[in-house]
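Worksheet for the structure shown next.
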Amino acid sequence: MTDTNPGAITSEVVSHLASLARIALTTDEIEKLTGELGAIVNSVAKVSEVATDDVPATSHPIPLSNVFRADVPGVTLTTEQALAGAPEHDGSRFAVSAILGEEQ
Amino acid sequence: MADLNDLTRLSASELATKLSSGEVSSVEATQAHLDRIAAVDDKVHAFLHVSADALANAKRIDERRAAGESLGELAGVPVAVKDVLCTIDMPTTAGSKILEGWVPPYDATPVAKLRAAGLIPLGKTNMDEFAMGSSTEHSAYGPTHNPWDLDRIPGGSGGGSAAAVSAFEAPLALGSDTGGSIRQPASVTGSVGVKPTYGGVSRYGAIALASSLDQVGPVSRTVLDSALLHDVIGGWDPRDSTSLNEQWPSFAAAARAGAAAESLKGLRVGVIKQLDSPGFQAGVSQRFHEALQLLTDFGAEIVEVDAPHFEYAVEAYYLILPAEASSNLAKFDSVRFGLRVTPEGGGTVEDVMAATREAGFGDEVKRRIILGTYALSAGYYDAYYGSAQKVRTLIQRDFAAAFEKADVLVSPSAPTTAFKLGEKLEDPMAMYLNDVTTIPANLAGIPGMGLPMGLAPEDGLPTGFQIMAPARGDARLYEVGATLERLLEQQWGHTLPSQAPSLG
């Protein structure tokens, strides 16, 4: 990053974003994405031209409010169904490798 | 040559009439479509999976009909389902390796409604991975080919559904439209597709791309067929908290009224200046203006409307979509479903997750997740995601002003006819600009329809006409669309899909 363009997409930025997004990108992918994302970000940055302070943001196209359901048990998946697509399970729980690394 | 007795050449509505009169059985209709798939799908590749239960399901409908049971209008009619929708009896991959072979534990609501209405799911259709793309070239299972020219793209992300109906492999299909994934494929394959009002069709069980934009809708070869399918899948679903809890009119009735209309007198048709661009392919603009003339000759009033902020729509979309997608796709974590890849020498759950996502996601998905992660980062959130949401407000205001002057708004459905496979794959921004005509409707949540408006003179490929209506005004699309379809077919002397190469 340089002082003149703090939002610049560098390979360090892409590498950091990939770790946030939990994708183990290869060095080649990081290089390729750095160029592509730079071009895309330069293009989409155009939105700030018209996004002035007096314009409210819209998060949802058709506003709805207070979408509640009755607080009663519904029809839910059985344990068996919930585990059916899991890469690994012990019959009642999803199984994963160590949560913490050795350094922790 | 097409056989006139070939059941695959009938529209869903025509087939439904023959089914209810007993002239044709659902087993015969289903078998005819399975035969057609077997004959042409090695060339088209519209399907990722063909149902093993279709004939058995058809037989059950025939038995229920024989027993005198009162069935829905489309009972026994085959339908293809985009692979983004969960099906309890078929693998659901959303075009991604990360979900290869995954069979969901439940049906998406639109699929459940199809089954309840007696339709026969034929299989799952190909798509760009997680619906990210405009060509199906981002499917992890290889692209779909346009039935009009097998060297060209069928559009995307729902290219499989559009190709399935235009290659006569199915009379009906379900699609999903986040930025044009129903309407742009319809345009380049000469078929009909509708993105309903946001919330008009349940998204429960639709694998989410961008939750504030996604909408499930019908794909077909005629306006009436889309209306009939929309009537089946639409309506409130308490399991989707964004679904609209209100009563909808019959869209089939609207289509039938439109087809029978004697004049369009009193209808104000707004042409959006920004979407009638000199940059569009000449043959697309020519067919669009001919269609406008046809509407004028039939009594409609054409008015020009200005939507100054549409010029920012693609840019806003490519901030909102990746931001929402990066969040939605976090669920593919190697724990609960799908692929798991353990790095060499093992590692923590986080290492496994990162290795799995690296192996399971394709280039376009990684590109958008990283872009979305960037747009949502502290320090950039206001400048990018926040600004994009403001643009969304401005686009909604443009629509509101335009609908003061016009009852429907129209444009070409896509700026060009189908381009060659591979042509835009290396230039993401060029690919994104395909959706310039369709994205505004998603940002505003309003309904849009694409229907064929003829073949471009320069390349003989289909072009599409887009109609948009105010939110909740879906019936107006079917009414005006059916009138235009009739006027065009009267002029041509045939339907557009009937002119597609036979492939057989």
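The listed protein sequences correspond, in order, to chains Z and X. The first sequence maps to residues 1 to 104 in this note's numbering. The second sequence maps to residues 105 to 608 in this note's numbering. We put the CB at the ideal spot given by N, CA and C, even for glycine. Bear in mind the structure is a predicted one, so any value in this text is a computation, not a measurement.
Residue X:His-413 holds the alpha-carbon nearest to the alpha-carbon of Ala-505 of chain X among X:Trp-206, X:Ser-431, X:His-413, X:Ala-271.
Annotation for Thr-520 of chain X: Gln-385 place their beta carbon closer than 6 Å to its own, counting only its chain and skipping 5 residues before and after. Boundaries around Ala-184 of chain X are those of the beta strand (DSSP E), 182 to 186, since no alpha helix (DSSP H) includes it. The segment 551 to 566 of chain X makes contact with the segment 578 to 587 of chain X: 3 or more CB pairs, one atom from each, lie closer than 8 Å. Judged by DSSP secondary structure, Gly-35 of chain Z falls within the alpha helix (DSSP H) whose first and last residues are 27 to 44. Between the alpha carbons of Tyr-488 of chain X and Val-47 of chain Z lies a distance of about 7 Å.
Cβ contact annotation for Ser-261 of chain X (same chain, cutoff 6 Å, sequence separation greater than five): Met-231, Asp-232, Ala-235, Gly-237, Ser-285, in chain order.
At a C-beta separation below 7 Å, Thr-497 of chain X has these neighbours in chain Z: Val-55, Pro-56, Ala-57, Thr-58. Within chain X, no C-beta atom comes less than 8 Å from the C-beta of Ala-8 of chain Z; the nearest is roughly 11 Å away. With contacts defined as CB atoms closer than 8 Å, Ala-522 of chain X and Asp-253 of chain X qualify as a contacting pair. Contact between Pro-300 of chain X and Asp-578 of chain X holds: CB atoms are separated by about 5 Å, below the 8 Å threshold.
Counting only unbroken stretches of 4 or more residues, the alpha helix (DSSP H) elements lying wholly within the segment 248 to 329 of chain X are 263 to 270, 287 to 293, in sequence order. Selection X:Val-495, X:Thr-541, X:Lys-509, X:Ser-438 evaluated against Thr-52 of chain Z yields X:Val-495 as nearest (Cα-Cα). Here the alpha carbons of His-89 of chain Z and Ser-295 of chain X stand approximately 45 Å from one another. Closest in C-alpha terms to Arg-307 of chain X, from the list X:Arg-343, X:Ala-331, X:Ala-244, comes X:Arg-343. Going by beta carbons, Leu-423 of chain X and Val-44 of chain Z fall inside the 8 Å limit.
The residues Leu-152, Asp-187, Leu-203, Glu-204, Trp-206, in chain order, have a CB closer than 7 Å to that of Thr-197 of chain X in the same chain once the five nearest residues on each side in sequence are set aside. The contact set of Phe-441 of chain X on chain Z, defined by CB atoms closer than 7 Å, consists of Gly-85, Ala-86 in chain order. The Cβ of Gly-451 of chain X sits closer than 8 Å to at least one Cβ of chain Z. Residues of the segment 17 to 30 of chain Z with a Cβ closer than 8 Å to any Cβ of chain X, in chain order: Leu-17, Ala-18, Ser-19, Leu-20, Ala-21, Arg-22, Ile-23, Ala-24, Leu-25, Thr-26, Glu-29. Secondary structure in the segment 351 to 393 of chain X: the alpha helix (DSSP H) runs of 4 residues or longer, each lying completely within the stretch, are 355 to 364 in chain order.
Ile-62 of chain Z is positioned such that its CB atom lies no closer than 8 Å to that of Glu-462 of chain X. Along the segment 199 to 220 of chain X, the positions whose C-beta sits under 8 Å from a C-beta of chain Z are Trp-206, Val-207, Pro-208, Pro-209, Tyr-210, read in chain order. Taking a Cβ-Cβ threshold of 9 Å, the residues of chain Z close to Phe-465 of chain X are Ile-23, in chain order.
Judged by DSSP in its simplified three-state form, Ile-9 of chain Z adopts coil rather than helix or strand. Arg-69 of chain Z belongs to the set of residues whose beta carbon lies under 8 Å from a beta carbon in chain X. Taken atom to atom, the span from the alpha-carbon of Ala-162 of chain X to that of Arg-325 of chain X is near 22 Å.
Between Pro-182 of chain X and Pro-275 of chain X, the C-beta gap is smaller than 8 Å, which places the two residues in contact. Segment contact: the segment 157 to 172 of chain X against the segment 131 to 139 of chain X, three or more CB-CB distances shorter than 8 Å; contact assigned.
Restricting attention to X:Pro-516, X:Leu-371, X:Glu-273, X:Ala-156, the CA atom closest to the CA of Ile-406 of chain X is found in X:Leu-371. At a cut-off of 8 Å between beta-carbon atoms, Met-457 of chain X makes contact with chain Z. Under the three-state reduction of DSSP, Ile-571 of chain X is assigned to strand.
The Cβ atoms of Ser-291 of chain X and Thr-121 of chain X do not sit closer than 8 Å to each other.
Between Ile-30 of chain Z and Val-453 of chain X, the CB-CB gap reaches or exceeds 8 Å.
For Met-533 of chain X, the residues of chain Z that pass the 7 Å Cβ criterion are Ala-39, Ile-40, Ser-43, in the order they occur in the chain. Within its own chain, the residues whose Cβ lies closer than 6 Å to the Cβ of Tyr-302 of chain X, once the five positions on either side in sequence are excluded, are Gln-319, Gly-549, listed in chain order.
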